[in-house]
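Residues are numbered in this note's numbering as their position in the sequence shown, beginning at 1, plus a constant of 5.
From the three backbone atoms N, C-alpha and C, an ideal C-beta is built for every residue, glycine too.
These figures come from a predicted structure and were not determined experimentally.
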Amino acid sequence: MALHNAQEPAADAAVDIFASPLSEHPLPKRAMPDFPAPPTVVFQLLRNELLLDGNAAQNLATFCTTWTDDEVRRLMDLCLDKNIVDKDEYPQTAEIESRCVNILADLWHAPAGAGDTNAIGCSTTGSSEAAMLCGLALKWRWRNRRQAAGQSTERPNLVCGPVQVCWEKFARYFDVELRQVPVEPGATGLQPHQLREYVDENTIGVVAILGVTYTCTYEPVAEIAAELDRLQVETGLDVPLHVDAASGGFIAPFLHRDLVWDFRLPRVSSINASGHKYGMAPLGVGWALWRDQDALPDGLVFHVDYLGGDMPTLALNFSRPGGQVVTQYFMFLRLGREGYRRVYQACADTAQHLGRQIAEMGPFTLLYDGVGALPAVSYTLTDPDSVAWSLYDLSDQLRMRGWQVPSYPLPPDRQETVIQRVLVRHGVDRDEIELLADDMRRAIKHLDEGRPHDADRVGFHH
6 MALHNAQEPA
16 ADAAVDIFAS
26 PLSEHPLPKR
36 AMPDFPAPPT
46 VVFQLLRNEL
56 LLDGNAAQNL
66 ATFCTTWTDD
76 EVRRLMDLCL
86 DKNIVDKDEY
96 PQTAEIESRC
106 VNILADLWHA
116 PAGAGDTNAI
126 GCSTTGSSEA
136 AMLCGLALKW
146 RWRNRRQAAG
156 QSTERPNLVC
166 GPVQVCWEKF
176 ARYFDVELRQ
186 VPVEPGATGL
196 QPHQLREYVD
206 ENTIGVVAIL
216 GVTYTCTYEP
226 VAEIAAELDR
236 LQVETGLDVP
246 LHVDAASGGF
256 IAPFLHRDLV
266 WDFRLPRVSS
276 INASGHKYGM
286 APLGVGWALW
296 RDQDALPDGL
306 VFHVDYLGGD
316 MPTLALNFSR
326 PGGQVVTQYF
336 MFLRLGREGY
346 RRVYQACADT
356 AQHLGRQIAE
366 MGPFTLLYDG
376 VGALPAVSYT
386 LTDPDSVAWS
396 LYDLSDQLRM
406 RGWQVPSYPL
416 PPDRQETVIQ
426 RVLVRHGVDR
436 DEIELLADDM
446 RRAIKHLDEG
456 RPHDADRVGF
466 HH
């Protein structure tokens with residue numbers, strides 16, 4: 006009978022992932038390990054760490070995409086090695102980017118019209134980079150006009166209402182005074198009549214928000230444009246209008262088709278939007294579009310030849326993956342106009358359903374009920390002094406069930422008002438919102454019964 010010798014396993018071979026040498030100690034955190042480890046072991050250990058992150062499906066604070074088709078993941082995998090800035094090596098990816106720009110130019114009524122391959126725009130890493138590029142174009146146009154007239158180019162300013170932090174970054178990084186107009190009582194954003202106090206000869210532009218971060222409402226873009234038209238007639242000041250449509254740029258064209266906010270207004274010189282918010286693309290893509298070539302100074306475009314061929318580039322970043330742009334195009338083809346409309350009508354209906362439930366809970370006043378702007382709701386305590394708890398307490402209670410529902414004060418001059426906001430995105434369904442509403446009722450009951458402002462309670466410090 007043949008004798009069979011069982012070979013002793015190598016000393017460093019893992020019998021089980023959790024019996025491997027790497028798993029027997031805390032993972033290195035300040036220095037690279039000396040020796041390699043099996044990829045399956047490293048993958049599983051990192052996967053376990055990632056379980057400590059929040060559940061993206063319950064994150065009702067973020068505007069960003071948290072649900073994707075399987076085909077999107079497969080396309081992202083196919084594009085891992087595609088550097089979108091290298092248009093000579095990846096010409097088809099560059100062509101897909103151009104198609105997306107043209108589709109958005111048509112969606113936002115750029116003057117050239119549908120099918121024009123010369124739409125002026127580009128993809129970016131997100132709407133923040135897109136906003137900064139549009140802000141730089143405003144600054145350069147203002148500077149060029151001032152230089153041509155022999156006037157000072159010192160102390161440029163940008164006028165806006167309650168903007169997202171990217172505009173504060175733009176102002177600080179690029180030496181522009183940010184004139185942030187206070188929010189009036191009862192208002193949720195910039196009002197046209199407020200402009201006269203803030204606009205002057207050094208104003209490079211005005212920013213109007215289509216989807217205010219704090220409240221999810223639209224600022225009155227057409228009325229703001231009309232006020233700037235009147236100012237030009239009365240004072241001679243020709244101030245361009247930029248629309249920050251980070252979220253609303255992918256909502257208004259489908260749910261609010263009669264709303265005039267885009268390039269149909271001659272005053273609008275540029276628009277930025279986020280593909281990875283309501284554009285439904287994966288994280289890492291934004292869009293910047295300009296009305297025409299005159300709105301984008303040539304000096305902002307660089308030409309590089311060391312990747313092969315002459316390639317124009319307009320970005321704060323350089324190398325970045327092409328997958329997000331390719332999958333944005335996938336979503337355009339996958340859904341079409343009617344698909345986007347259906348998805349966001351369902352989201353809007355769900356948000357309005359939640360708004361009605363919140364209004365019936367008792368202690369809240371709705372600031373935005375989900376009608377007419379983003380699919381979301383925002384609300385505040387009707388009388389904070391009448392309850393023994395705050396919205397921050399409610400956020401902490403909901404967090405115990407996994408929900409991320411943010412509480413924060415409104416911008417000046419309404420900073421005394423603390424509000425909460427719930428965003429309804431693609432992937433947030435009616436049943437999930439029903440579960441949230443049930444948890445809100447239980448949390449309110451718990452807070453009403455007892456230990457709200459305990460200084461020693463476990464929770465997040467605000």
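Cβ-Cβ distance between alanine 250 and serine 275 below 8 Å: For the purposes of this step, residue 250 is taken as the residue at position 245 of the sequence shown. For the purposes of this step, residue 275 is taken as the residue at position 270 of the sequence shown. Cβ atoms of alanine 250 and serine 275: not closer than 8 Å.
Proximity below 8 Å, CB of threonine 70 to CB of asparagine 64: Position 65 of the sequence shown holds residue 70. Position 59 of the sequence shown holds residue 64. No, these two residues do not count as a Cβ contact at 8 Å.
C-alpha gap between alanine 230 and asparagine 53, whole angstroms: Along the sequence shown, read from residue 1 onward, the residue named residue 230 stands at position 225. Along the sequence shown, read from residue 1 onward, the residue named residue 53 stands at position 48. For alanine 230 and asparagine 53, the gap between their C-alpha atoms comes out near 52 Å.
The segment 259 to 279 in contact with the segment 319 to 339 per 3-pair CB rule at 8 Å: No: fewer than three Cβ pairs fall under 8 Å.
DSSP three-state assignment for leucine 399, whether helix, strand or coil: By 1-based counting over the sequence shown, the position of residue 399 is 394. The answer is helix: DSSP assigns leucine 399 an H, G or I state.
Phenylalanine 175 - containing alpha helix (DSSP H), residue span: Start at 1 with the first residue of the sequence shown, and residue 175 comes out as number 170. That run of the alpha helix (DSSP H) goes 170 to 178.
Proximal residues to histidine 451 (C-beta, below 7 Å), its chain only, five neighbours per side dropped: Here residue 451 refers to the residue found at position 446 when the sequence shown is read from its first residue. Same-chain partners within the cutoff: Gln402.
Cysteine 69, DSSP secondary structure in three states: Position 64 of the sequence shown, counted from the first residue, corresponds to residue 69. Cysteine 69: coil per DSSP, three-state reduction.
Reduced DSSP category for tryptophan 292 - H, G, I as helix; E, B as strand; rest coil: One-based indexing of the sequence shown puts residue 292 at position 287. When DSSP states are grouped into helix, strand and coil, tryptophan 292 belongs to the strand group.
Spatial distance of glycine 166 from threonine 98 (CA atoms): For this step, residue 166 is matched to residue 161 along the sequence shown. For this step, residue 98 is matched to residue 93 along the sequence shown. The alpha-carbon atoms of glycine 166 and threonine 98 are separated by roughly 37 Å.
For glutamine 185 and proline 417, the rounded distance between their alpha carbons: By 1-based counting over the sequence shown, the position of residue 417 is 412. By 1-based counting over the sequence shown, the position of residue 185 is 180. Approximately 9 Å, taken between the alpha carbons.
Nonlocal neighbours in the same chain, by C-beta distance under 6 Å from asparagine 207, ignoring five residues either side: Within the sequence shown, the letter at position 202 stands for residue 207. The answer, listed in chain order, is Arg160, Pro161, Asn162.
Beta-ladder partner(s) of glutamine 185, from DSSP: Numbered from its first residue, the sequence shown carries residue 185 at position 180. Glutamine 185 pairs with Cys165.
Beta-carbon spacing of tryptophan 408, aspartate 444 below 8 Å: Here residue 408 refers to the residue found at position 403 when the sequence shown is read from its first residue. Here residue 444 refers to the residue found at position 439 when the sequence shown is read from its first residue. Contact flag set, yes.
Residues near leucine 50 in its chain [Cβ-Cβ closer than 8 Å; skip 5 each side]: Locating residue 50 in the sequence shown gives position 45, counting from the first residue. For leucine 50, where only same-chain residues beyond five positions count, the Cβ hits under 8 Å are Ile22, Leu27, Ser28, Leu32.
Bounding residues of the alpha helix (DSSP H) (the contiguous stretch that carries phenylalanine 48): Locating residue 48 in the sequence shown gives position 43, where the first residue counts as 1. Residues 44 to 55.
Between the CA atoms of glutamate 173 and glutamate 189 - distance to the nearest angstrom: Residue numbering aside, residue 189 sits at position 184 when the sequence shown is read from its first letter. Residue numbering aside, residue 173 sits at position 168 when the sequence shown is read from its first letter. Glutamate 189 and glutamate 173 have their C-alpha atoms spaced approximately 20 Å apart.
Nearest candidate by alpha-carbon position, reference arginine 347, set Thr218, Ile108, Gly131, Pro380: Here residue 347 refers to the residue found at position 342 of the sequence shown. Minimum Cα distance to arginine 347 is reached at Pro380.
Same chain only: Cβ atoms within 7 Å of tyrosine 384, ignoring 5 sequence neighbours per side: What you label residue 384 is simply residue 379 of the sequence shown in a count that begins at 1. Cβ neighbours of tyrosine 384 beyond the five flanking positions: Ile363, Phe369, Thr370, Leu371, Leu372, Ile424, Gln425.
Host alpha helix (DSSP H) of threonine 469 (start-end): Since the first and last residues shown for the chain are 6 and 467, residue 469 lies out of range.
C-alpha gap between threonine 45 and aspartate 39, whole angstroms: Numbered from 1 along the sequence shown, position 40 holds the residue referred to as residue 45. Numbered from 1 along the sequence shown, position 34 holds the residue referred to as residue 39. Cα to Cα, threonine 45 sits roughly 18 Å from aspartate 39.
Distance cut-off 7 Å: arginine 150 Cβ against heavy atoms of the ligand MG: Of ligands this structure carries none, so the ligand MG is not represented either.
C-alpha distance - aspartate 374 paired with proline 41, whole-angstrom precision: As a working mapping, residue 374 is identified with position 369 in the sequence shown. As a working mapping, residue 41 is identified with position 36 in the sequence shown. Their Cα atoms are separated by approximately 55 Å.
Coil, strand or helix - glycine 210 by DSSP: As a working mapping, residue 210 is identified with position 205 in the sequence shown. Glycine 210 falls in the strand class under three-state DSSP.
Boundaries (first-last residue) of the alpha helix (DSSP H) holding tyrosine 373: Indexing the sequence shown from 1 puts residue 373 at position 368. For tyrosine 373, no alpha helix (DSSP H) segment is defined; the enclosing uninterrupted segment is the beta strand (DSSP E) at 369 to 373.
Segment contact, 8 Å Cβ cut-off, at least three pairs: the segment 137 to 152 with the segment 294 to 309: By the Cβ rule, the segment 137 to 152 counts as touching the segment 294 to 309, because three or more pairs are nearer than 8 Å.
Alpha-carbon to alpha-carbon, glycine 328 and aspartate 82: Position 77 of the sequence shown, counting from 1, holds the residue named residue 82. Position 323 of the sequence shown, counting from 1, holds the residue named residue 328. Between the C-alpha atoms of aspartate 82 and glycine 328 there is a straight-line separation of about 8 Å.
Cβ pair glutamate 102, isoleucine 89 closer than 8 Å: What you label residue 102 is simply residue 97 of the sequence shown in a count that begins at 1. What you label residue 89 is simply residue 84 of the sequence shown in a count that begins at 1. In this structure, the beta-carbon distance from glutamate 102 to isoleucine 89 falls below 8 Å.
Close Cβ partners of arginine 3 (< 6 Å) along its chain, the five nearest in sequence each way excluded: No answer is possible for residue 3: it lies beyond the span of the chain, which begins at 6 and ends at 467.
Tyrosine 345 versus cysteine 105 - alpha carbon distance: One-based indexing of the sequence shown puts residue 345 at position 340. One-based indexing of the sequence shown puts residue 105 at position 100. Taking the straight line from one Cα to the other gives about 15 Å.
Proximity of phenylalanine 62 and glycine 377 at Cβ, strictly below 8 Å: Position 57 of the sequence shown, counting from 1, holds the residue named residue 62. Position 372 of the sequence shown, counting from 1, holds the residue named residue 377. Looking at the sequence shown, residue 62 is not phenylalanine but alanine. Contact: no.
Under the three-state DSSP convention, the category asparagine 64 falls into: For the purposes of this step, residue 64 is identified with residue 59 of the sequence shown, where counting begins at 1. In this structure, asparagine 64 counts as strand in the three-state DSSP scheme.
Neighbour-count burial assignment, phenylalanine 335, 16 or more Cβ in a 10 Å radius: For this step, residue 335 is matched to residue 330 along the sequence shown. Phenylalanine 335 sits buried, since 16 or more C-beta atoms from the chains shown fall within 10 Å of its C-beta.
Spatially closest choice to tryptophan 295 from Asn107, Gly131, Phe307, by CA coordinates: To locate residue 295, count along the sequence shown from 1; it is residue 290. In terms of CA proximity to tryptophan 295, Asn107 leads the group Asn107, Gly131, Phe307.
Beta-carbon separation (whole angstroms), glycine 126 vs alanine 110, contact threshold 8 Å: Taking the first residue of the sequence shown as position 1, residue 126 is located at position 121. Taking the first residue of the sequence shown as position 1, residue 110 is located at position 105. Yes, they are in contact, since the Cβ atoms of glycine 126 and alanine 110 sit about 7 Å apart, within 8 Å.
DSSP three-state assignment for aspartate 443, whether helix, strand or coil: As a position in the sequence shown, residue 443 is number 438, starting the count at 1. Here aspartate 443 sits in helix by DSSP.
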